[in-house]
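One line per chain: the protein sequences are A and B, in this order. Take the first sequence: its position 133, counting from 1, is numbered 133 in UniProt numbering, and each next residue is one higher. Take the second sequence: its position 186, counting from 1, is numbered 186 in UniProt numbering, and each next residue is one higher.
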Amino acid sequence: MSAALHGVAACFTTPDEFLAALEGVRTAGYDRVEANVPFAVEGMDELLPGPRTPMARIVLIAGLIGGGGAYFMQWFAARDYAYDVGSRPLHSWPAFVPVTFELTILTATIIGVLGLLWLAGLPRLDHPMFAAPGFERASQDRYFLCVRADDPQFNAADLAALFHTFKAELVAEVPA
Amino acid sequence: MASPPTQPNPADAALVGPGETPTTVTARISALPLAHPHPRFWWIGFPIAFVGVLILCASIGWLFIRGIGVWGVDIPVAWGFAIVNFVWWIGIGHAGTLISAILLVLHQHWRTSINRFTEAMTLFAVACAALFPLLHLGRPQYFYWLLPYPDTMGLWPQWRSPLIWDVFAVSTYGIVSLLFWYVGLLPDLATLRDRALSRAKQRLYGLLSLGWRGDARHWRHYQKLYVLLAGLATPLVVSVHSIVGLDFAIAILPGWHSTIFPPYFVAGAIYSGFAMVLTLVIPLRAVYGLKSYITARHLDLMAKVLMATGWMVVYGYFSEFFAAWRTHDLFERYMMVNRLAGPYAPWFWLLLICNLGAVQILWIPTLRRNVIVLFIISLIVNVGMWLERFIIVVTSLHRDFLPSSWGMYRPTFWDWSTLLGTFGLFVALLFLFIRYLPAISMAEMRGLVTGKEGKG
């Protein structure tokens, strides 16, 4: 066995087999688990370790900053370049609502998409998993599970045996 | 109404045809951009549409050379086709966002097979719409004066102006629609990368997919973001056309100065947008054999949305009449009389036939399920909604308060050629889209056919 190993990957043909195997691997105590699937399989998220997604917080804060900034900009502009029409107030807030609303949505969306890329570590065109045999079907109709080599109880032979008990179509060592 | 037993009721039919699995879904949908079946349809349709693009370029070129005078606009009708077409195109875009965002938030699974296509429709309709205010500026090279940029004279845009609201509403709508569409495309671009046979396509789709590998943690963030973006796009749809409605309503002109305008415009937008979706989807599913993804049930549901929004629009007409009848405003009353019997009355009656009359045929289930009837009605509604915007813009402007300043508006050749040109641009972009990108979301269809789709 070479030292430079990303992990041991297995490929499953149905979402149910994949979920059963994921549960099995987790019950066996493996923590550094990766999955690559063609769509978001229901129930997968609960079985995987890792923190909850901070996406909602990112989008909320971005929206608040965008909306607040937009309102401030209009308030500031109305004073910076005062335009007196029949002594109407410079701070005419109802007219500021449309732009404030639009910029709230715009900032939240742009920061949200950048946040996704940042959280997912994308763009990243290379990854060890791309070398796994048959990995091109992870974006089509196969469900991949991989236990990384840096897992404390990692043992390639044990894992291969475990994967085979869950009807893995294929088990392979993935080089780093 | 009971259907004969030999003909199943589409309302009970499944959203996906029988025997579909993730494998067949992926193979059939990715074949459209990768293998390009039915090239004759494409190679006949695309050049025709491209002629439209050339007409658009020529019309814009002539406009820039000679100025706004080549259009029929003048005083009193200073807003002619440019604003009519702008409001019409942006309204068409709204059905796309409605289908993909609002129906996602409401967990309506029937959106899945049409959302990608309608989002593309939204983008291209917004592109057509956004042209018109810019062309209408007169000095389009100074469009950036509308943006808050640090200029040396210390000037700011006028934040109380509807023109500025439009700039922010339309550009926000365009950018948000584009990002929502692109995020939804990421997993499918990865599929195309993995299935492409030529090196060039592998590289192109590989770059566009940003290295997406379907990692479970990516899906976790992705799904959350997708639902959040849908949640953000939902009020955005309502706001964009409300702002367009508000542009009219804050003017004191009879026929425009009406509180019903923002919601009435939103209903009209959804009405015309759904009509356009039907106009596009019916030929598409026939040519590319997508009937097991865009099923009879989808068409049935869209026809029902068309009927519902049609009645909302009719409520808007009723409310305009009622307000004119109940008000003591002489000018408001005259505006309505002028609509019914003035020089533009034939267009107004045609509009009622299209928007109020034609769609009632859909109450009859057998006709509603007839694809050809549905297609023709969708075309009629598109025409009717365009006429509605024409009537709103022109009849109010051409006879306002002072009879001495009345006038007529007659569209010129260049008005019509610009409108025709945007049809060309819209259709050409759609042809490029179905040629190079998956027209149906494969990732979501896989979830739908296995019944294992996770919730965001």
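Even for Gly, the Cβ is constructed at its ideal location relative to N, Cα and C.
CB contact below 7 Å: residue i versus chain A
{"i": "B/E22", "result": "At residue 22 of chain B the sequence reads Pro, which differs from the Glu that was named. Yes, contact with chain A."}
{"i": "B/G80", "result": "no"}
{"i": "B/Q223", "result": "yes"}
{"i": "B/R446", "result": "yes"}
{"i": "B/A443", "result": "yes"}
{"i": "B/D194", "result": "yes"}
{"i": "B/T450", "result": "yes"}
{"i": "B/I243", "result": "yes"}
{"i": "B/S198", "result": "no"}
{"i": "B/L236", "result": "yes"}
{"i": "B/A439", "result": "no"}
{"i": "B/F248", "result": "no"}
{"i": "B/S3", "result": "Caution is warranted here: a pLDDT of 39 is assigned to B/S3, below 50, making its placement in the model unreliable, and the coordinate value is therefore given only provisionally. Closer than 7 Å: no."}
{"i": "B/W181", "result": "no"}
{"i": "B/R217", "result": "yes"}
{"i": "B/D12", "result": "Residue confidence for B/D12 is low, a pLDDT of 45 falling below 50, so the modelled location carries little weight and cannot support an answer."}
{"i": "B/A269", "result": "no"}
{"i": "B/P8", "result": "With a pLDDT of 42 at B/P8, under the threshold of 50, the predicted position of this residue should be treated as unreliable, though the coordinate-derived value follows. Not closer than 7 Å to any Cβ of chain A, the Cβ of B/P8 fails to qualify, so no."}
{"i": "B/W165", "result": "yes"}
{"i": "B/S292", "result": "no"}
{"i": "B/T191", "result": "yes"}
Residue i: contacting residues in chain B (beta-carbon distance under 8 Å)
{"i": "residue 188 of chain A", "result": "Since the first residue shown for chain A is 1 and the last is 176, residue 188 of chain A is missing from the structure and cannot be characterised."}
{"i": "A/H127", "result": "G211, R213"}
{"i": "A/A56", "result": "K224, L228"}
{"i": "A/L170", "result": "Those do not exist, as A/L170 stays about 16 Å from chain B at its closest Cβ, beyond 8 Å."}
{"i": "A/V59", "result": "L225, L228, L232"}
Contact list for residue i against chain A, beta-carbon separation under 9 Å
{"i": "B/H109", "result": "Result: empty, since nearest Cβ-Cβ is about 13 Å, beyond 9 Å."}
{"i": "B/S100", "result": "Near B/S100 there are no residues of chain A at all, since even the closest Cβ is about 14 Å away, more than 9 Å."}
{"i": "B/T152", "result": "Residues of chain A passing the Cβ test: none, with the nearest at roughly 13 Å."}
is_contact[residue i, chain B] using C-beta, thresh 7 Å
{"i": "A/D151", "result": "no"}
{"i": "A/T109", "result": "yes"}
{"i": "A/R124", "result": "yes"}
{"i": "A/G112", "result": "yes"}
{"i": "A/F18", "result": "no"}
{"i": "A/G50", "result": "yes"}
{"i": "A/D141", "result": "yes"}
{"i": "A/I82", "result": "It should be pointed out that residue 82 of chain A corresponds to Ala in this sequence rather than to Ile. By this cut-off, A/A82 is not an interface position."}
{"i": "A/A21", "result": "no"}
{"i": "A/P15", "result": "yes"}
{"i": "A/M1", "result": "The pLDDT assigned to A/M1 is 46, lower than 50, so where the model puts this residue is not dependable, and the model offers no usable value."}
{"i": "A/A77", "result": "yes"}
Amino acids of chain C, ordered along the chain, whose beta-carbon sits closer than 8 Å to that of residue i
{"i": "A/S92", "result": "No chain C appears in the structure shown, which is made up of the protein chains A and B."}
Inter-residue CB distance, residue i and residue j (contact presumed, cutoff 8 Å)
{"i": "B/W159", "j": "A/A77", "result": "6 Å"}
{"i": "B/G174", "j": "B/A130", "result": "6 Å"}
{"i": "A/A157", "j": "B/L228", "result": "Not confirmed; about 44 Å, so no contact."}
{"i": "B/P254", "j": "B/D151", "result": "Not a contact, Cβ separation roughly 38 Å."}
{"i": "A/V33", "j": "A/L159", "result": "Not really, about 11 Å apart at Cβ, beyond 8 Å."}
{"i": "B/G45", "j": "B/R116", "result": "Not a contact, Cβ separation roughly 19 Å."}
Any non-hydrogen atom of the ligand NAP within 6 Å of residue i CB
{"i": "B/L54", "result": "This structure simply doesn't include the ligand NAP, nor any ligand for that matter."}
Closer than 7 Å at the beta carbon, the chain A residues around residue i
{"i": "B/R220", "result": "D45, T53"}
{"i": "B/L232", "result": "I105, A108, T109"}
{"i": "B/F143", "result": "Ordered by position in chain A, no residue passes the 7 Å Cβ test against B/F143, which lies about 17 Å from the chain."}
{"i": "B/T169", "result": "According to the sequence provided, residue 169 of chain B is Ala. The question's Thr does not apply to it. Those within 7 Å of B/A169 in chain A are P98, E102."}
Residues that residue i contacts on chain B, provided the C-beta gap is smaller than 7 Å
{"i": "A/A95", "result": "W159, R160"}
{"i": "A/P38", "result": "P22, G214, A443, R446"}
Partners in chain A for residue i, counting only beta-carbon separations shorter than 8 Å
{"i": "B/F322", "result": "Ordered by position in chain A, no residue passes the 8 Å Cβ test against B/F322, which lies about 26 Å from the chain."}
{"i": "B/G96", "result": "Those within 8 Å of B/G96 in chain A number zero; the least Cβ separation is about 16 Å."}
Three or more C-beta pairs below 8 Å linking the segment 215 to 230 of chain B and the segment 39 to 54 of chain A:
yes
Can you list, in chain order, the stretches of the beta strand (DSSP E) that have 3 or more residues and sit fully within the segment 115 to 175 of chain A?
143 to 148, 170 to 175
Do the segment 232 to 239 of chain B and the segment 128 to 136 of chain A make contact, defined as three or more Cβ pairs closer than 8 Å?
no
Pairs of beta-carbons, one from the segment 415 to 425 of chain B and one from the segment 36 to 53 of chain B, closer than 8 Å: are there three or more?
yes
State whether the segment 103 to 110 of chain A contacts the segment 203 to 223 of chain B, with contact taken as three or more CB pairs (one from each stretch) at a distance under 8 Å.
no
Assess contact between the segment 373 to 390 of chain B and the segment 88 to 96 of chain B, defined as three or more Cβ pairs (one per stretch) separated by less than 8 Å. Is contact present?
yes
Examine the Cβ distances between the segment 331 to 345 of chain B and the segment 237 to 245 of chain B and report whether three or more of them are shorter than 8 Å.
no
Segment contact flag, the segment 108 to 117 of chain B with the segment 58 to 71 of chain B, C-beta cutoff 8 Å, min 3 pairs
no
Three or more C-beta pairs closer than 8 Å, one from the segment 435 to 449 of chain B and one from the segment 30 to 41 of chain A: is that the case here?
yes
For the segment 265 to 275 of chain B against the segment 309 to 316 of chain B, are there 3 or more C-beta pairs whose distance is under 8 Å?
yes
Quick check: the segment 8 to 18 of chain A against the segment 157 to 170 of chain A, are at least 3 beta-carbon pairs closer than 8 Å?
yes
State whether the segment 326 to 333 of chain B contacts the segment 283 to 303 of chain B, with contact taken as three or more CB pairs (one from each stretch) at a distance under 8 Å.
no
Runs of 4 residues minimum, wholly inside the segment 339 to 398 of chain B: which ones carry the alpha helix (DSSP H) assignment?
345 to 352, 365 to 368, 371 to 398
Runs of alpha helix (DSSP H) lying entirely within the segment 20 to 79 of chain B, each at least 4 residues, in chain order:
22 to 34, 39 to 66
The segment 109 to 121 of chain A / the segment 188 to 204 of chain B touching (three or more Cβ pairs under 8 Å)
no
Does the contact criterion of 3 or more C-beta pairs under 8 Å hold for the segment 250 to 264 of chain B versus the segment 166 to 173 of chain B?
no
Segment contact, 8 Å Cβ cut-off, at least three pairs: the segment 136 to 155 of chain B with the segment 431 to 440 of chain B:
no
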